[in-house]
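Chemist:
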Ligand SMILES: Cc1cc2nc3c(=O)[nH]c(=O)nc-3n(C[C@H](O)[C@H](O)[C@H](O)COP(=O)(O)OP(=O)(O)OC[C@H]3O[C@@H](n4cnc5c(N)ncnc54)[C@H](O)[C@@H]3O)c2cc1C
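In my numbering, the protein residues as written are 64 to 476.
1. From the DSSP output, in three-state form, read off residue 262 for me.
2. At a cut-off of 7 angstroms, would you count residue 95 as near ligand 1, judging by its Cβ distance to the nearest heavy atom?
3. Can you check the segment 360-444 for any beta strand (DSSP E) of at least 3 residues that lies completely inside it and give the ranges in chain order?
4. So for residue 337, helix, strand or coil by DSSP?
5. From this set, 177, 431, 221 and 138, which residue's C-alpha is nearest residue 275's C-alpha?
6. With residue 271 and residue 261 assumed to form a contact (beta carbons below 8 angstroms), what rounded beta-carbon distance in angstroms separates them?
7. Within the chosen definition, does the segment 249-267 reach the segment 231-240 through at least 3 CB pairs nearer than 8 angstroms?
8. Looking only at C-alpha atoms, which of 448, 144 and 85 sits nearest to residue 111?
9. Measuring straight from C-alpha to C-alpha, what distance separates residue 96 and residue 201?
10. Starting from the C-beta of residue 314, find all residues in its chain whose C-beta is less than 8 angstroms away, skip the five residues before and the five after it, and write them out in chain order.
11. Is it a yes or a no for the segment 145-161 touching the segment 100-115, going by three-plus beta-carbon pairs under 8 angstroms?
12. Per the DSSP calculation, residue 177 is bridged to which residue(s)?
13. Can you tell me whether residue 93 is buried or exposed? The criterion is at least 16 other CB atoms within 10 Å of its CB, across all chains shown.
14. Taking 7 angstroms as the cut-off, is the beta-carbon of residue 148 closer than that to any non-hydrogen atom of ligand 1?
15. I'd like the list of long-range same chain contacts for residue 28, defined as Cβ closer than 6 angstroms, with 5 residues on each side in sequence excluded.
16. Rank 327, 330, 302 and 133 by C-alpha distance to the C-alpha of residue 319 and give the top, closest one.
17. Name, in chain order, the residues that DSSP records as bridge partners for residue 328.
18. How many angstroms separate the CA atom of residue 257 from the CA atom of residue 182?
19. Could you check where the alpha helix (DSSP H) with residue 248 kicks off and where it finishes?
20. Fully enclosed by the segment 278-325, which alpha helix (DSSP H) runs are 4 residues long or longer?
21. Return yes when the C-beta of residue 116 is under 7 angstroms from any heavy atom of ligand 1, and no when it is not.
22. Note down, in chain order, each residue of its chain lying with its Cβ closer than 6 angstroms to the Cβ of residue 243, except the 5 sequence neighbours on either side.
23. At a Cβ threshold of 8 angstroms, is residue 433 touching chain B?
24. From 161, 65, 273 and 408, pick the residue whose C-alpha is nearest to that of residue 429; which is it?
25. Could you tell me which residues DSSP pairs with residue 188 in its beta bridges?
26. In whole angstroms, what separates the C-alpha of residue 142 from that of residue 177?
27. Identify, in the order they occur along the chain, each residue of the same chain with its Cβ nearer than 7 angstroms to the Cβ of residue 346, setting aside the five sequence neighbours on each side.
28. Per DSSP, residue 65 forms a beta bridge with which residues?
29. Does the structure place the segment 211-222 close enough to the segment 79-93 that three or more beta carbon pairs sit under 8 angstroms?
30. Using a threshold of 7 angstroms, is the CB atom of residue 75 nearer than that to any non-hydrogen atom of ligand 1?
31. Just to confirm, are residue 108 and residue 348 a CB contact at a threshold of 8 angstroms?
32. Return the CA-CA distance between residue 381 and residue 122, expressed in angstroms with no decimal places.
33. Whole angstroms is fine: what's the gap from residue 169's alpha carbon to residue 354's?
34. Could you check what DSSP says for residue 347 in three-state terms: helix, strand or coil?
35. Would residue 204 and residue 69 qualify as a contact pair, given that the criterion is a beta-carbon distance under 8 angstroms?
36. Taking Cβ to Cβ, would you say residue 252 is nearer than 8 angstroms to residue 375?
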């Protein structure tokens, strides 16, 4: 069996490369040992956001009387919420599989999907299901897996990883989360919204160590308000009979530990090209997708302008330089979200839009706000296209919106 391209891994990197190459008329064979969609669709972005959505509705409904609504909520059946999570994934997966199958312009060649573990035999041969596939080029898009910390080896019972926790069909009463990156923060919010007692530990000085310092401090304040306990500059020193002792001396007895301390690239092969999490650059789905398009279509891609988003209430999003990276030639402007009429209508006044500015350009943006995941792209478009702040001021932003916060912020410069 001869193909122009052999792609190992059907996650965002692999399926994007596959659809793009196939649309260009190339023959492609795609190998996937699990399910199409990879980590993002099956064990990452999508199922966590589906759960987060259900948890937010639950929390908001519990507070409905605040808005004059008379709703009696009896509780929830987590097995049904898990069904919603799984059905969401299934619907998207079906659509994606169809998109891959339909992508072949040259249907005689098109895409062939092999659901099996693949192995590179040499630079032109891939082995899967006992068959050899001859290809001209090999793309490695094998993704990543949860990182195991020494002393916190996953056992699927007391020490869980992000894959295990997505298989839960019932909720614990209490959980200890190790690591406050995007995965740790989102799970802390999901559990807490459902009333689970959450404790988070972070080895760095602040939550979300990769974020702008003001973002980290605001999230810490919001977590305190939401009674999500956290320990900074701390780590686990001992676990005995499910009793966890931290280096600080604190003792916690959670139902289980979710270890969310990053992901390790999976790349046992040499290929013509390595894409996505496997190449150990930025482990985000949109980065994987853009890398794939960059490789297959040669489009420009400014890696330093890859946005980060952490979901939940309020959302957290950023792009570009952080305050702690900047010199004295930069200025900052911070607009509290409470300055916006829409935030009061939505009862979501906690947060800010922070812009880092040099000359007449935005070089960094850090947002804690409802709709931050959308707002960040407005700023990103300006940054990527070198649009001056004086030009941005001419844009008519609608009222009442969170977007007008960008206008309000730049008008304060
Ligand atoms: C809980 C969680 C939440 C996340 N949330 C977000 C988010 O909100 N936004 C975001 O941008 N990113 C998020 N991510 C990260 C995102 O999922 C990854 O960056 C993205 O999936 C990387 O895509 P990829 O194609 O490189 O790898 P993957 O999606 O991991 O896909 C790799 C695929 O390769 C297959 N494979 C591996 N080896 C072989 C082999 N030998 N033969 C055949 N198949 C093989 C695997 O089965 C897998 O399907 C999240 C991750 C997690 C864990």
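Built from N, CA and C at the ideal position, the CB exists for glycine as well.
None of these values were measured; they are calculated from a predicted model.
Modeler: In short, the structure shows the following:
1. strand
2. yes
3. 371-373, 378-383, 394-399, 415-421 and 424-432
4. strand
5. 431
6. Not a contact, Cβ separation roughly 15 angstroms.
7. yes
8. 144
9. 16 angstroms
10. 306, 307 and 308
11. yes
12. 94
13. buried
14. no
15. Because the chain spans 64 through 476 in this model, residue 28 falls outside it and cannot be assessed.
16. 302
17. 207
18. 43 angstroms
19. 245-256
20. none
21. no
22. 263, 265, 270 and 271
23. Here chain B cannot be found, since the structure has a single protein chain.
24. 273
25. 185 and 197
26. 32 angstroms
27. 207, 326 and 340
28. 197
29. no
30. yes
31. yes
32. 26 angstroms
33. At residue 169 the pLDDT is 49, less than 50, meaning the model places this residue with poor confidence; the figure from the coordinates comes in the next sentence. Whole-angstrom Cα-Cα distance: 24 angstroms.
34. coil
35. no
36. yes
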